[in-house]
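Residue numbers (this note's numbering): 10 to 286.
Note that CB positions come from ideal geometry on N, CA and C, so glycine has one too.
Since this is a predicted model, take the numbers as computed values, not measurements.
For reference, the structure discussed in these notes is given below.
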Ligand SMILES: [Fe+2]
Ligand SMILES: [Fe+2]
């Protein structure tokens, strides 16, 4: 099994293009899968440079409806043709980022930038569900993640429209992918808007295993409060994690901190980073 990060904010080698977003290409004995699609400018270019053939993808998984995880869908679909796309029904919500700076408020659309019908015309077969599911043997999606920790708070700048009402985004659609391998669980996060620790606890609860071979992806650890980062790290250090390859919305301060705490078990998941087992 091999997981390669093909879209990410940074490049680490002289290969690929960095963009705000995330996508991971997953090769298994059962076939190849794509988790998220980046913002749209790098997914095809990087997959070609990294010799990952998007035409071989059996299924696409979407972590949530933000543009930086879904914006590459048309480019990917043009190569795959008809393909299952697993997501939560809220993936199509209109979403906004509101920034207040120098007394001025800016509202930016950050949702999935394409209509469902357009994506379907390109071959997307949406399979929408809210629950924890086993997609294929040993491959799971978390579905909605219960919010239980006291220290993981929603991002106050992010909003969504539900039934014509704009409110703080609760990200019920935020879901992660789990691969159950002989070496332990591999957990791939999109943005971890449900809270990284809530997600880990949900995975342990649902799968009944608590040894993680690797945790990869966006963690959103540096965007919220210092308390969230401290408390999350305390919990992470109590869990058996062999490798932690964070990136995307983790933030540099949180990534440096994780490097200090996890030493050689830490790596930064830039474009081209590969995890092989
Ligand atoms: Fe993101
Ligand atoms: Fe996000």
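Uninterrupted beta strand (DSSP E) stretches inside the stretch 73 to 116 (no shorter than 3 residues) = 92 to 96 and 104 to 110
request  = Would you list the one or two residues that DSSP bridges to residue 42?
outcome  = 35 and 68
request  = Please report the residue range of the beta strand (DSSP E) in which residue 196 lies.
outcome  = 193 to 198
request  = Tell me whether residue 239 is buried or exposed, calling it buried when 16 or more other Cβ atoms sit within 10 Å of its Cβ.
outcome  = exposed
ask   = When we look at the beta-carbon of residue 180 and count the other beta-carbons within 10 Å, is it buried (16 or more) or exposed?
value = buried
message = For the alpha helix (DSSP H) containing residue 237, name the first residue and the last one.
response = 235 to 247
Distance CB(residue 19)-CB(residue 280) smaller than 8 Å = yes
ask   = Can the beta-carbon of residue 45 be found less than 8 Å from the beta-carbon of residue 95?
value = no
inquiry  = So, with DSSP's three-state summary, where would you put residue 273?
reply    = helix
query = Roughly how many whole angstroms lie between the Cα atoms of residue 251 and residue 243?
reply = 16 Å
ask   = Fully enclosed by the stretch 111 to 175, which beta strand (DSSP E) runs are 3 residues long or longer?
value = 113 to 118, 133 to 137, 142 to 145, 148 to 150 and 167 to 171
task = Using 10 angstroms around the beta-carbon of residue 184, count the other beta-carbons present and answer buried if the total reaches 16, otherwise exposed.
result = buried
query = Would residue 284 pass as a contact of residue 69 if the rule is Cβ separation under 8 Å?
reply = no
key: Span separating the alpha-carbon of residue 208 from that of residue 232   = 17 Å
inquiry  = Within a Cβ cutoff of 6 Å, which residues of the same chain sit near residue 187, ignoring the five residues on either side of it in sequence?
reply    = 149, 194, 196 and 212
request  = With a 10 Å radius around its C-beta and 16 neighbouring C-beta atoms as the bar for buried, classify residue 177 as buried or exposed.
outcome  = exposed
inquiry  = Using the three-state DSSP reduction, which class does residue 14 fall into: helix, strand or coil?
reply    = strand
request  = Alpha carbon to alpha carbon, how far is residue 118 from residue 22? Give it in angstroms, no decimals.
outcome  = 32 Å
ask   = Buried or exposed: where does residue 218 fall if 16 or more other Cβ atoms within 10 Å of its Cβ makes it buried?
value = exposed
request  = Could you give the DSSP three-state label for residue 252: helix, strand or coil?
outcome  = strand
request  = Enumerate in chain order the residues of its own chain whose CB-to-CB distance from residue 74 is below 7 Å, with the five nearest sequence positions on each side excluded.
outcome  = 99, 100, 101, 102, 104, 120, 121 and 182
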